[in-house]
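Residue numbers (my numbering): 12 to 503.
Quick reminder that beta carbons are idealized off the backbone N, C-alpha and C, glycines included.
Every value quoted in this text rests on a predicted model; they were computed, and no experiment measured them.
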RNA sequence: GGCGCCGUGGCCGAGUGGCUAGGCAGGGGCCUGCAAAGCCCCCUACUCCGGUUCGAAUCCGGACGGCGCCUCCA
């Protein structure tokens, strides 16, 4: 079977092929940089990272664009309230966003254009829409005439009449649209007190671009008029993506994005995250509480993207243990393999356990791939991986060093392959590295004392030292090759 | 009010008309000075009520419950 995605456009699972062989062009709705992103935002971004990594894993080159919305009502309001230029609000938020991005181990995307730096492209797009006669002008603003574009609402099977009956349309009377469904392409004039904060010249006079415009303009600028995948959160389907698609296709006469993939929302403790409920988390706040990025990433990835995911602190601890199990297996493979030369000895048993391990790795790969091929079924992919871990551990148990080395050689690529998609082990290893820099020397010293105590069979003293070390979040294991230490699987 | 999603074992979370994922937690065992890690075994579920079917947790209808969208929230 090949890669399939549930396409919001058409509401069904479809086989995926890229327009141009070997390369996937995708557009991701990025952050509005008015305030630090929260963990719910990152649910979508982490999933998009998985999507990207999996496409790469499958052999595609990925060209991804993610916009930075640095002009909208909220950023403008903040700038006006504080009496500062827009950038003074947006740039620090943007910087912290990318810090979080890095912390969660997200791959960098090829293009992260800022809306404010692409206003020319947006103006150009509005001109094209005027030429196509689907745009009209009212009081210095330009609107998209929904009823002049027959394909409007195709993304969601929108009932053409339903919006007129909507109860919230009245809130829009600050604009003078012909039809309540129409949306603004260019917000003309210096409205309110935003005049000095976000105003650009245009053929229609000063103003600023409408919300949906930036995505259309930047997607087409970097990816072309038609491209493969457009992603975002479900909340963006309507109106944002519906309008984005309409204005793009009306301007070009060509299909815009072919696959529209959407991530469901994150719930926290079973409810929508909100400050008033006290369940509002940012990456920074979770880290301050001692939770690890690898745990957070794992938890965010562990549910299917079209399903709401319930984020809880308990879940985070479970995630930490799950990552710990994977990481322990990886370390065991490293240790088993490391003990021997990379080439098997000449007198190796031809029916070596490596064959069984190789079969296990193949079985894993096949299950892993068919799971993710199926609309990114991460839960099944993880199940396959944990089966690899269990069976691999079983093979390793009691295997002589030489056999263990062969098994490890066969299995390590599988685990590495897993992590190219999930990216949690690399993150965990990084965390261990950072921790060991501070702890390593102390732990090693205490461990020496403990080893001496054990040699004297002074087990009370040895256990006391072990507890002492554990109190600093480090777990000790006694192995035939001597004591080993690692970060304890959860943080207290 | 309109549209839509979902309700799985202590917790998280897949899935299929019959062969009953996986992780975490818990119990037992092997191993260990004791642990830890690992392995083996156990705990075997599908909101409720009807219906279809030889057979439904899986299909249909209804009820109850949770969640989302309905013009600038991922």
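Whose CA, out of 263, 383, 434 and 344, lies closest to the CA of residue 410? Translated into positions along the first chain, residue 410 becomes position 399. Nearest of 263, 383, 434 and 344 to residue 410, Cα basis: 344.
When DSSP labels each residue in this structure, what does residue 491 get in the three-state scheme?
-> In the first chain, the residue the question calls residue 491 occupies position 480. In the structure shown, residue 491 sits in coil (DSSP, three-state: anything other than H, G, I, E or B).
Assign residue 332 to one of three DSSP states: helix, strand, or coil.
Position 321 of the first chain, counted from the first residue, corresponds to residue 332. In the three-state scheme derived from DSSP, where H, G and I count as helix and E and B as strand, residue 332 is classed as helix.
* **Endpoints, the alpha helix (DSSP H) within which residue 404 is located** => Taking the first chain and counting its residues from 1, one reaches residue 404 at position 393. Following the DSSP letters along the chain, one finds residue 404 inside the alpha helix (DSSP H) bounded by residues 389-407.
Item to complete: Pick helix, strand or coil for residue 77, following the three-state DSSP scheme.
Response: Looking up residue 77 in the first chain gives position 66. Of the three classes helix, strand and coil, the one that applies to residue 77 here is strand, per DSSP.
Quiz item: Hey, residue 100 and residue 90 are a contact pair by Cβ (cut 8 Å); roughly how many whole angstroms apart?
Solution: Looking up residue 100 in the first chain gives position 89. Looking up residue 90 in the first chain gives position 79. Contact between residue 100 and residue 90 holds, with the beta-carbon distance rounding to 5 Å and staying under 8 Å.
Can the beta-carbon of residue 218 be found closer than 8 Å to that of residue 211? As a working mapping, residue 218 is identified with position 207 in the first chain. As a working mapping, residue 211 is identified with position 200 in the first chain. Yes, the pair counts as a contact, with Cβ atoms nearer than the cut-off.
| request: Give the straight-line distance between the Cα atoms of residue 145 and residue 157, rounded to the nearest whole angstrom. | output: Residue mapping note: residue 145 aligns to position 134 of the first chain, counting from 1. Residue mapping note: residue 157 aligns to position 146 of the first chain, counting from 1. Roughly 8 Å separates the two Cα atoms.
Looking at residue 86: is its Cβ nearer than 8 Å to the Cβ of residue 130? In the first chain, the residue the question calls residue 86 occupies position 75. In the first chain, the residue the question calls residue 130 occupies position 119. At least 8 Å separates the beta-carbon of residue 86 from that of residue 130.
_So within the region 422-499, which uninterrupted alpha helix (DSSP H) runs reach at least 4 residues, ignoring any that extend past its ends?_
Complete alpha helix (DSSP H) runs here, min 4: 435-466 and 470-481.
| query | Is the Cβ-Cβ distance between residue 307 and residue 320 less than 8 Å? | reply | As a first step, residue 307 is located in the first chain; it is residue number 296 there, counting from the start. As a first step, residue 320 is located in the first chain; it is residue number 309 there, counting from the start. Against a cut-off of 8 Å, the Cβ pair of residue 320 and residue 307 comes out as no contact.
Assumed close pair residue 125, residue 81 - CB separation to whole angstroms, cut-off 8 Å | As a working mapping, residue 125 is identified with position 114 in the first chain. As a working mapping, residue 81 is identified with position 70 in the first chain. Right, their Cβ atoms sit about 5 Å apart.
Measuring straight from C-alpha to C-alpha, what distance separates residue 154 and residue 256?
Within the first chain, residue 154 is the residue found at index 143, counting from 1. Within the first chain, residue 256 is the residue found at index 245, counting from 1. If I take the Cα positions, the gap works out to 15 Å.
By DSSP, does residue 237 sit in helix, in strand, or in coil?
-> Against the first chain, residue 237 aligns to sequence position 226. Residue 237 carries a coil assignment under DSSP once its states are collapsed to helix, strand and coil.
Which word fits residue 127, buried or exposed, when buried means at least 16 other C-beta atoms lie within 10 angstroms of its C-beta? As a first step, residue 127 is located in the first chain; it is residue number 116 there, counting from the start. Answer is buried; the Cβ neighbour count reaches 16.
Pairing CB atoms from the region 33-43 with CB atoms from the region 225-244, are three or more of them under 8 Å?
With the cut-off at 8 Å, the region 33-43 and the region 225-244 touch.
(message) I need the DSSP call for residue 220, collapsed to helix, strand or coil.
(response) What you label residue 220 is simply residue 209 of the first chain in a count that begins at 1. It is a strand residue.
- Using only alpha-carbon positions, find the residue among 414, 396, 445 and 406 that is nearest to residue 427. For the purposes of this step, residue 427 is taken as residue 416 along the first chain, with counting starting at 1. With distances taken between Cα atoms, residue 427 lies closest to 396.
Are the beta-carbon atoms of residue 63 and residue 98 separated by less than 8 Å? The residue labelled residue 63 in the question sits at position 52 within the first chain. The residue labelled residue 98 in the question sits at position 87 within the first chain. The answer is no: Cβ separation not under 8 Å.
| task | Might you give, ordered along the chain, the residues of its own chain that have their beta carbon closer than 6 Å to the beta carbon of residue 254, omitting 5 neighbours on each side? | result | To locate residue 254, count along the first chain from 1; it is residue 243. So the qualifying residues of the chain are 194 and 223.
> Are the region 433-450 and the region 373-388 touching by the rule of at least three beta carbon pairs closer than 8 Å?
Replying inline: Between the region 433-450 and the region 373-388, the count of C-beta pairs closer than 8 Å stays below three; the two stretches do not touch.
Practice prompt. Return the chain-ordered list of same chain residues with a C-beta closer than 6 Å to the C-beta of residue 27, the five sequence neighbours on each side being excluded.
Written response: Locating residue 27 in the first chain gives position 16, counting from the first residue. Within the same chain, residue 27 has close Cβ partners 14 and 16.
Query raised in the report: Tell me, which residues are paired with residue 207 by DSSP?
Result: Numbered from 1 along the first chain, position 196 holds the residue referred to as residue 207. Paired residue(s): none; residue 207 is not in a bridge.
query: Excluding sequence positions up to five away, which residues of its chain have a Cβ less than 6 Å from the Cβ of residue 112?
result: What you label residue 112 is simply residue 101 of the first chain in a count that begins at 1. Sequence-distant partners of residue 112 (beyond 5 residues in either direction) whose C-beta falls short of 6 Å from its own C-beta are missing from its chain.
- Query: What residues match up with residue 286 in a beta bridge as DSSP calls it?
  - Reply: For the purposes of this step, residue 286 is taken as the residue at position 275 of the first chain. Answer is none; residue 286 lacks a bridge partner.
Decide if the region 42-58 is in contact with the region 287-301; the criterion is three or more beta carbon pairs, one per stretch, under 8 Å apart. With a cut-off of 8 Å on Cβ pairs, the region 42-58 is in contact with the region 287-301, counting three or more such pairs.
Proximity to residue 450 [Cα-Cα], best of 41, 423, 260 and 499: In the first chain, residue 450 corresponds to position 439, counting from 1. The shortest C-alpha separation from residue 450 is found at 499.
### Message
Could you tell me the alpha carbon to alpha carbon distance between residue 455 and residue 465, rounded to whole angstroms?
### Response
Sequence index remark: in the first chain, residue 455 carries index 444 (1-based). Sequence index remark: in the first chain, residue 465 carries index 454 (1-based). Distance from the CA of residue 455 to the CA of residue 465, rounded to the nearest whole angstrom, comes to 15 Å.
Q) If you draw a straight line from the C-alpha of residue 304 to the C-alpha of residue 115, how long is it? A) By 1-based counting over the first chain, the position of residue 304 is 293. By 1-based counting over the first chain, the position of residue 115 is 104. In this structure, the straight-line span from the alpha carbon of residue 304 to that of residue 115 is close to 6 Å.
Q) Going straight from the alpha carbon of residue 485 to that of residue 439, what length do you get? A) Here residue 485 is taken as the residue at index 474 of the first chain, counted from 1. Here residue 439 is taken as the residue at index 428 of the first chain, counted from 1. Cα to Cα, the separation comes out at about 14 Å.
Using DSSP bridges, identify the partner residues of residue 374.
For the purposes of this step, residue 374 is taken as the residue at position 363 of the first chain. Looking at the DSSP output, residue 374 shares a beta bridge with no other residue.
* If we ignore side chains and look at the alpha-carbon of each, how far apart do residue 163 and residue 30 end up? -> Position 152 of the first chain, counted from the start, is the residue given in the question as residue 163. Position 19 of the first chain, counted from the start, is the residue given in the question as residue 30. One C-alpha to the other measures close to 23 Å.
Per DSSP, what kind of secondary structure is residue 369 in: helix, strand or coil? As a working note, residue 369 is residue 358 in the first chain. Reduced to three states, the DSSP call for residue 369 is helix.
Worksheet item: Just the Cα atoms here: how many angstroms apart are residue 260 and residue 388?
Response: The residue labelled residue 260 in the question sits at position 249 within the first chain. The residue labelled residue 388 in the question sits at position 377 within the first chain. If you draw a straight line from the Cα of residue 260 to the Cα of residue 388, it comes to about 31 Å.
Margin query: Cutting at 7 Å between CB atoms, please list the residues of its own chain near residue 225, excluding the five before and the five after it.
Written below: If you number the first chain from 1, residue 225 lands on position 214. 78, 80, 126, 129 and 133.
| query | For residue 269, does the three-state DSSP call read helix, strand or coil? | reply | Walking along the first chain from the start, residue 269 turns up at place 258. Three-state result, residue 269: strand.
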